[in-house]
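Chemist: I have a structure here, written as structure tokens, and I will follow up with some questions on it.
Protein chains in written order, with this note's numbering: chain E, 1144 to 1656; chain F, 10 to 530.
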């Protein structure tokens, strides 16, 4: 366990080494990035075997950092953080495999990529609000460069929009956290304690905040994080950002960065400001189900392949938010599982669309794709996409199923209407996934009667490379393993949700609704 | 108490060693004269070393200033209180600013050594004037008498009249000089009128609670007058007029009108000097005057809060539409002044809160600003006034180091963690929270997001050649003539500034300990 912080250090070290190595040779930068991200994944795996699930956050490091403000560099992990760290490890390795073909400024690309990953690991492991915020911001800036430099369609617009949304979100978070810190400091001072940014200390003091303070702080912090989680109506950065981003960046964006927002909501906003949570949960629930249905409907009519996936991400993140809003053990556990599951599935979908299809056909327009019999031209991509699509639709046997089921079961206990609307969302997800599979991979296949060779000759696409195959296999395997045996993760997640902080939040919600 | 203090002061003056306490200023002024002598006496080939000589000289002065600041002793006993019959006063903040201005001047020299050779202008006079202004700034920060204040402030202002229009072949520079002259005189007039009003009222022998032995121009007498007559109309008016004069230096709304044009027209090193030196000199003055005008806070503070609001909003919104980097730095500097003012009014409200947030903000702003101005001086062509975003296209390829420095420095100015600028903003925001300025905070946090937009616009120009049209690919290799050569010392300086912005952001303890050493808590 105590090795977990090394995921952060390895990523930042890898960023530096990749930058230096990339100046000499492109291949060195790629290999460096892969080695460092594999090492981080290895550390995670090692820690995971060593992990005993329990309700408490297990401290990894705790040293004073800025004593005047009571900030300490406090890293800790419980089942929830470990789940997301594992997700980050898998997604980062796959992302590097899928960006093996980057030729322009390779060193810089992987340096920024690993810096982003390091920030993400940091957020998932922070137990101090200040440290969490700093890592959160570290994860934002590299995204801008990744998209604006290596992206495609309308990249600078997409990058700027994404960065501004992220910063507006983090400005709200900062306002809320400062407010909580300042109010907590007053109470702590009155009782003879030093001020503190520690999440657990603020959570203890927060019970004494006035009702108005609780509401205000929760609204600020939750909204701020929810912007990054793609909550309706603050989701519009996500599709444009995803579309503009290079493949690996959209994999990370949908796969882990959106989880940062959801994780922030779960780790900071909900346990700290339980009264605010109880008051706002109905609003969040409605916004979540509106998001699920609305984004699904928008995905249904998109012309651009990547936009379909972008909106599907928003729709799936709606389930996470619904799980958070429903606020019982089943729904919260489902929300965390859905974060993991969506991270893998969205990564895979973006990999197929951005790397396998777009890099070869140079179009993402569904009308153009339908004229090519892609299932014959690139059967591997077709198989992977169908698997990912099934998982995304919530087919049993894939990770999406237990997650969404658990959320819906939990939500049913809280509100029947939400559950019914969200269930419609599942149907819509099925509809747009089937539509896009049909149109892109199996459209007008009869145009090319005859052998695969003939069809391939007509379009002359390079074959799917090994890094792509391995990356896809890693993601498919994790998707299926968790689908078949969700207990692997739920055994970590559920004990963590039994901690006093989450119990208090759930109880507050029961009283409030 | 007062008579005892006066007797002590007289005794020290009698001992005749007081001048040693302002040795740094005297040395600096002497160095300024020496530079002119060198220009006359040295053979032509040697004259290009004069700026370097000036820097070495200033490093010695810096050492002296530090020594005096850490251990202010005269005739063997530790010094508190006034010297020169109450003209100057030793305060921890005054000592900090004394050290600060010498460092500022050294950095301005470094930028000038890059910038001046690109123009056909005499060199040495420039450095001479910078040194004189610096000495005046150091005295200003320690002044405890309105006469001293006015003389020091006018020395600074007159020096800047010359410096702003130093590139006399450029219409922009001349225009800027004229604008600065007209508006600067106006502000000096306001300041002087305020001083006269205060002098008149405090000097009234019938005024209540007057110290008969004290000069009515000294801070102490004015303070006592205000303390005893807090609702005297003319006294309040005088304070407001004095503050207006300071607001002009700092660039607070509504006295910020001159900033964009003057910053654009002034030579780059002068712009740097204005935006750091002159602005901080205004703040140093404000720090010294705040305890003096504390009896009239009831009137002044609400006004200052409104001004702070307006400054933060105006600075950021106006900077949003700028594509000229000098104007951008000027207007964003206005917003930084607003953030600092927020810290000051919060400090007044909290009574007895720490000064450290303000100093951290000032240091962070200085480090980042000089890094940016250093990059600007290196990137600028012959046309110093028109440095646009478009001049930065492809900077990442023309010189990756400069681009990296620019990112870190602008990130720090925007307040991105984990850079030093973030810590400054954070500490000030926490103070403002505790003081209960929620609306001000809401506006400032929005302003930070706005500032990220325009700072990122600049970064975008530096990294992406095709920022205006996405159609053109930026694959073209860099023409060798477009590469920017950076002298070794300048490279070293930029790296030091950038690294300290980065490291102090992560670990502020050395800075705080240094401030504590200077008795700032």
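A virtual CB, placed ideally from N, CA and C, is assigned to each residue, including glycine.
All values derive from a computational prediction rather than experimental measurement.
Please report the Cβ distance between residue 263(F) and residue 393(F), rounded to the nearest whole angstrom; I am assuming they are in contact, meaning their Cβ atoms lie under 8 Å.
Modeler: Between residue 393(F) and residue 263(F) the Cβ distance is about 28 Å, and since that is not below 8 Å, they are no contact.
Chemist: Run through DSSP, which three-state label would residue 197(F) get?
Modeler: helix
Chemist: In the DSSP output, which residue or residues are listed as bridge partners for residue 101(F)?
Modeler: BP columns for residue 101(F) are empty, so no partner.
Chemist: Sort out for me which residues DSSP pairs residue 1217(E) with in a bridge.
Modeler: 1205(E)
Chemist: Quick check: the Cα distance between residue 1112(E) and residue 420(F), rounded to an integer number of angstroms?
Modeler: Only positions 1144 to 1656 of chain E appear in the structure, and residue 1112(E) is not among them; the question remains open.
Chemist: When the Cα atoms are used, what is the spatial distance from residue 1403(E) to residue 406(F)?
Modeler: 33 Å
Chemist: In three-state terms, what does DSSP make of residue 184(F)?
Modeler: helix
Chemist: Just to make sure I have the definition right: I need the residues of chain F whose C-beta is within less than 8 Å of the C-beta of residue 1325(E). Which are they?
Modeler: 439, 442 and 443
Chemist: Take every Cβ of the stretch 1233 to 1247 of chain E, pair it with every Cβ of the stretch 1356 to 1367 of chain E, and state whether three or more of those distances are shorter than 8 Å.
Modeler: no
Chemist: Does the Cβ of residue 336(F) have 16 or more other Cβ atoms within 10 Å, making it buried, or fewer, making it exposed?
Modeler: buried
Chemist: Around the C-beta of residue 1408(E), are 16 or more other C-beta atoms found within 10 angstroms, so that it is buried, or is it exposed?
Modeler: buried
Chemist: What's the call for residue 1581(E), buried or exposed, on a 16-neighbour Cβ count within 10 Å?
Modeler: exposed
Chemist: With 16 as the cutoff for other CB atoms within 10 Å, does residue 496(F) come out buried or exposed?
Modeler: exposed
Chemist: If distances are taken between C-alpha atoms only, which option among 142(F), 254(F), 211(F) and 226(F) comes closest to residue 197(F)?
Modeler: When each option's Cα is compared against that of residue 197(F), the closest is 254(F).
Chemist: Between the stretch 1349 to 1356 of chain E and the stretch 1384 to 1396 of chain E, can you find at least three pairs of beta-carbon atoms closer than 8 Å?
Modeler: no
Chemist: Could you list the residues in the stretch 347 to 374 of chain F with a C-beta less than 9 Å from some C-beta on chain E, going in chain order?
Modeler: Here the close residues are 363 and 365.
Chemist: For chain F, find out if any of its Cβ atoms is closer than 7 Å to the Cβ of residue 1277(E); answer yes or no.
Modeler: True, the Cβ-Cβ gap to chain F drops below 7 Å.
Chemist: In its own chain, which residues sit with a C-beta less than 7 Å from the C-beta of residue 138(F), not counting the 5 before and 5 after it?
Modeler: 168, 171 and 172
Chemist: Using a Cβ-Cβ cutoff of 8 Å, what residues of the stretch 1408 to 1426 of chain E are near chain F? List them in chain order.
Modeler: none
Chemist: Which residues in chain E sit within 9 Å of residue 545(F), going by Cβ to Cβ distance?
Modeler: Any property of residue 545(F) remains undetermined from this structure, which presents chain F solely from 10 to 530.
Chemist: Report the rounded CA-to-CA distance for residue 385(F) versus residue 74(F), giving the unit in angstroms.
Modeler: 30 Å
Chemist: So is residue 473(F) in contact with chain E if we call contact Cβ pairs under 7 Å?
Modeler: yes
Chemist: Would you tell me roughly how many angstroms separate the C-alpha atoms of residue 1471(E) and residue 1480(E), rounded to the nearest one?
Modeler: 14 Å
Chemist: Among 1510(E), 1224(E), 1648(E) and 1504(E), which one has its Cα closest to the Cα of residue 1636(E)?
Modeler: Ranking the options by Cα distance to residue 1636(E), first place goes to 1224(E).
Chemist: Kindly say whether residue 1533(E), judged by its beta-carbon, lies nearer than 7 Å to any beta-carbon of chain F.
Modeler: no
Chemist: Tell me where the alpha helix (DSSP H) around residue 243(F) begins and ends.
Modeler: 242 to 259
Chemist: Among 372(F), 193(F), 69(F) and 189(F), which one has its Cα closest to the Cα of residue 286(F)?
Modeler: When 372(F), 193(F), 69(F) and 189(F) are compared, the shortest CA-CA separation from residue 286(F) is found for 372(F).
Chemist: Return yes when at least one heavy atom of the ligand MN lies under 6 Å from the C-beta of residue 223(F), else no.
Modeler: By its list of ligands, the structure shown contains no ligand whatsoever, and the ligand MN lies outside what it can speak to.
Chemist: So residue 462(F) and residue 329(F) are in contact, right, with Cβ under 8 Å, and what is the actual spacing, rounded?
Modeler: That belief holds up - the Cβ atoms of residue 462(F) and residue 329(F) are roughly 7 Å apart, short of 8 Å.
Chemist: Give a yes or no on whether 7 Å exceeds the smallest Cβ distance from residue 503(F) to chain E.
Modeler: no
Chemist: Express the C-alpha separation of residue 1426(E) and residue 104(F) in angstroms, rounding to a whole number.
Modeler: 56 Å
Chemist: Give the straight-line distance between the Cα atoms of residue 396(F) and residue 403(F), rounded to the nearest whole angstrom.
Modeler: 15 Å
Chemist: Select from 1609(E), 1377(E) and 1283(E) the residue whose C-alpha is nearest the C-alpha of residue 1464(E).
Modeler: 1377(E)
Chemist: Start and end of the alpha helix (DSSP H) containing residue 307(F)?
Modeler: 306 to 329
Chemist: So is residue 29(F) buried or exposed if we call it buried at 16+ other beta carbons inside 10 Å?
Modeler: exposed
Chemist: What does residue 1322(E) reach in chain A if we use C-beta pairs closer than 9 Å?
Modeler: Here chain A cannot be found, since the structure's protein chains are E and F.
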